[in-house]
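Shown next, in structure tokens, is the structure this report addresses.
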Amino acid sequence: MSETRPSPDWTPTPAFIEQSNMTAFQRFLARTHGLQLENYHALWAWSVREPGAFWEAIMAFSQVESPTPWRSALEDARMPGAVWFPGATLNYTAHAMRHVRPGRTAIRHEAEDGTLTELDWETLRDRTAAVAAGLAALGVARGDRVVGYLPNTPETIVAFLATASLGAVWSLCAPDMGAATVLERFRQIEPKAIVTASGYAFGGKWRDRSAEVSELLAGLPTLAAWISMDTAENVDGGSLARTDWARLLSSPDRAEPRMLPFDHPLWIVYSSGTTGTPKAIVHSHGGVMLEHLKLLGLHCDIGADDVFAWYSSTGWIMWNVQVGGLLTGATVAIAEGSPGYPDNGRLWRFIERAGVTVFGAGAAWYIACMKAGIVPRAEADLSGLKMLGSTGSPLPPEAYRWIQDTVRRDIWIAPIAGGTDLAGVFLAGAPTLPMRVGEMQCRALGAGVYAFDEAGNPVEDEVGELVCTTPMPSMPLFFWGDTDGQRLRESYFDTYPGVWRHGDWVRITPGGGGIIYGRSDATINRHGIRMGTADIYRVVEDMAEIADSLVVDLEYLGKPSCMILFVKLAPGASLDAELEHAIVAALKRRVSPHHVPNEIVAAPDIPYTLTGKKLEVPVKKRLLGHPMEAVVTRDAMANPECLAWYDRFADDFGTG
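Residue numbers (numbering that gives the first Met the number 0): 0 to 655.
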């Protein structure tokens, strides 16, 4: 380590290190594998050098049981196409239910109006088994897709666990997403059953989604069953009969979890490229279990005595991670509704009320609290809180310092970076390592993370493409409908064959930590919720006044992201206040309230390649300060004459 390396801004006490799960895991390795690893960095190096042995150790340490033997932990290490634990059988729900103990709380839920309710482990197990039996009675079988259009409630978690218990495949969208956006996702996977809620509370208002639910029911022809969490009085179900959620819960029948192959699909989540249909990403039971046991159990130091909360909507992968707390035996605490209602102190008070010990949220929420002048320790007693996590976008140094100044000087701040694609992390925290402001503490165990230059060479203490050189069991099994795997390869492995390219700019620091500098691709990442640009275009370009459009999301370390929407106006149209309002309203209604541009700019033309692709990444790079000649090849463009306008705009933008 360099002698000029700054002193840590937080150092774990010897007692904190001693009592951590990470230390317990190292002792487990010493006892079972004869490994004497002197520190975290030695542990990380072993984990990426021997990935099969590492993940097998995670399985044993976390007591994941397989009634059948497996041939090897990692039979084929190719990326894509790695083969994990062939022969092993398990079930996500079965492992979670290992933690059932009388009188212990599994889920603690705070509604937006402040109502706090609890679900104990025995009740969670009983309701999950009842709903699983009900789904089976409705014809849902292993491999069928069950989709949800639901808010963040305990019932949503029960629906997921019941689906997984049967070996059916779960997929979820948040109810603030428009029907067209949801249909574009769900239609791909041809669901057999859907679970819906007709509305949700947000920002002190009830949001009626009856019309959207009606559209979903009409637009999904493969549906054979519709389960409603409420009476759905204003929903038109057409010929599809409604089954009440209460009926499933009251049934005397119960279904036990079924043992499944390690790589059996667990859920389908969605992430978009820069254009085209959103990718339907399939993750496995075994891969997700091991990744979340590693992330939450080791990197976040969560155990059965903890209360874990990560504020999220049901449309973000952090909802899935939050539910993963059940795999460790922890109590999962969920806050439904707006984080800013009735004020920005709401979640800080929730931490005290729910007894949260490990809390996470999107970086944007911390920044909003900081800008609003919130003093968390004046809002609530946070003495029981041991860790604060952050993700979704880079947490700026000012936010670290604000947390230290207003929460507690000795609080462990542990941002993570990974994402929907692998349902896990590449960079994370560690309870045994010091923390430095502005840095994530370490590369995650089992993740061979490096910064690559354009030639595919690793660079040290320089910004480069975030890559992963080792397979991880939670990497996608496949994309639904991607029969030959071409889209999967193009998404992660074309730039550096055999190596995962994630699409983030990263610097690996001399101490082994990491700093993310934003997305290197054109995905829109707002408040931790990823959305493809195609979702934006479909709404904007549906308007008669808009001939074409291009959107970029600029992320800067230490500054809020800035989403700019360039519009090419139709003849005779003008970008006045009325049109801007109409664009914003349409995006809020049909995409999500999170994906609204900071600026809408009229442009003379939208740049295209000769193959008909919009030049999102080059425009983004130019706005971030790169010279135009370094980011675009004019000969590959259909209309290179329009670049001069973007060049001038970038110059003015950079000095504005």
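Think of the CB as a built atom: it goes at the ideal place given N, C-alpha and C, for glycine as much as any other residue.
Alpha-carbon spacing of residue i relative to residue j, whole angstroms
i      : j      : result
Glu453 : Ala129 : 53 Å
Val47  : Arg589 : 43 Å
Thr274 : Ala533 : Here the model assigns Thr274 a pLDDT of 38, short of 50, so the residue's position is not dependable, and the following value carries that caveat. Approximately 5 Å between the Cα atoms of the pair.
Ser560 : Ser490 : 23 Å
Cys368 : Tyr199 : 24 Å
Phe15  : Arg26  : 15 Å
Glu189 : Asp143 : 9 Å
Gly272 : Ala23  : With a pLDDT of 35 at Gly272, under the threshold of 50, the modelled position of that residue is not reliable, and the figure given next carries that caveat. Roughly 40 Å separates the two Cα atoms.
Glu154 : Gly147 : 11 Å
Ser669 : Ala427 : The structure shown does not extend to residue 669, since the chain is modelled only from 0 through 655, so no value can be given for it.
Asp125 : Arg30  : 38 Å
Thr632 : Lys620 : 13 Å
Tyr340 : Arg376 : 18 Å
Leu295 : Ile366 : 24 Å
Beta-carbon contacts of residue i that lie in its chain and below 7 Å, excluding the five residues immediately before and after
i      : result
Thr656 : This structure does not reach residue 656, given that the chain is present from 0 up to 655, and the question cannot be answered.
Gly417 : Gly423, Val424 and Phe425
Ala161 : Thr127, Val130, Ala131 and Leu134
Pro7   : Pro433, Met434 and Arg435
Gly354 : Val306 and Gly383
Pro150 : Pro174, Ala196, Tyr199, Thr313 and Glu335
Thr419 : Val268, Ser270, Ile280, Ile316 and Arg529
Ser250 : Ala129, Ala132 and Gly133
Three-state secondary structure assigned by DSSP to residue i
i      : result
Pro570 : coil
Ala543 : coil
Ala353 : helix
Ser209 : helix
Gly147 : strand
Ile523 : strand
Met96  : helix
Thr122 : helix
Met386 : strand
Ile301 : coil
Lys689 : An answer regarding residue 689 cannot be provided, because it is not within the stretch 0 to 655 covered by the chain.
Thr12  : coil
Trp318 : helix
Leu514 : Note that residue 514 corresponds to Ile in the displayed sequence, not to Leu. Three-state DSSP puts Ile514 in a strand.
Lys370 : helix
Tyr340 : coil
Leu553 : strand
Asp534 : helix
Thr274 : At Thr274 the pLDDT is 38, less than 50, meaning the model places this residue with poor confidence and gives no usable figure here.
Pro396 : helix
Arg435 : coil
Met288 : helix
Val505 : strand
Cβ pair residue i, residue j closer than 8 Å
i      : j      : result
Tyr91  : Ala173 : no
His291 : Leu326 : yes
Ala398 : Ala362 : yes
Arg184 : Ser197 : no
Trp266 : Asn319 : yes
Met58  : Leu297 : no
Gly138 : Ala224 : yes
Gly86  : Ala72  : no
Own chain partners of residue i with C-beta closer than 8 Å, once the 5 adjacent residues on each side are dropped
i      : result
Asp541 : Ala585
Arg506 : Ala450, Asp460, Glu461, Val462, Gly463, Gly513, Ile514 and Tyr516
Phe492 : Met78, Pro79, Val498, Trp499 and Arg500
Val406 : Pro375, Arg376, Leu381, Leu384 and Leu387
Assigned exposure category for residue i - 16 Cβ within 10 Å defines buried
i      : result
Ser389 : buried
Thr482 : exposed
Ser382 : exposed
Val600 : exposed
Ile211 : Here residue 211 is Glu; the residue named in the question, Ile, does not match the sequence. Classification for Glu211: buried.
Thr116 : exposed
Ala371 : exposed
Trp54  : buried
Ser392 : buried
His580 : exposed
Gly33  : exposed
Ser548 : buried
Lys191 : buried
Contacting residues, own chain, Cβ-Cβ under 6 Å from residue i (five flanking each side not counted)
i      : result
Asp646 : Met627
Val458 : Ala450 and Asp452
Thr104 : Glu117, Asp119 and Thr330
Gln187 : Ala279, Trp479 and Gly480
Contact test: residue i Cβ vs the ligand ATP heavy atom, cutoff 7 Å
i      : result
Lys293 : Only the bare structure without any ligand can be found here, which leaves the ligand ATP out of the picture.
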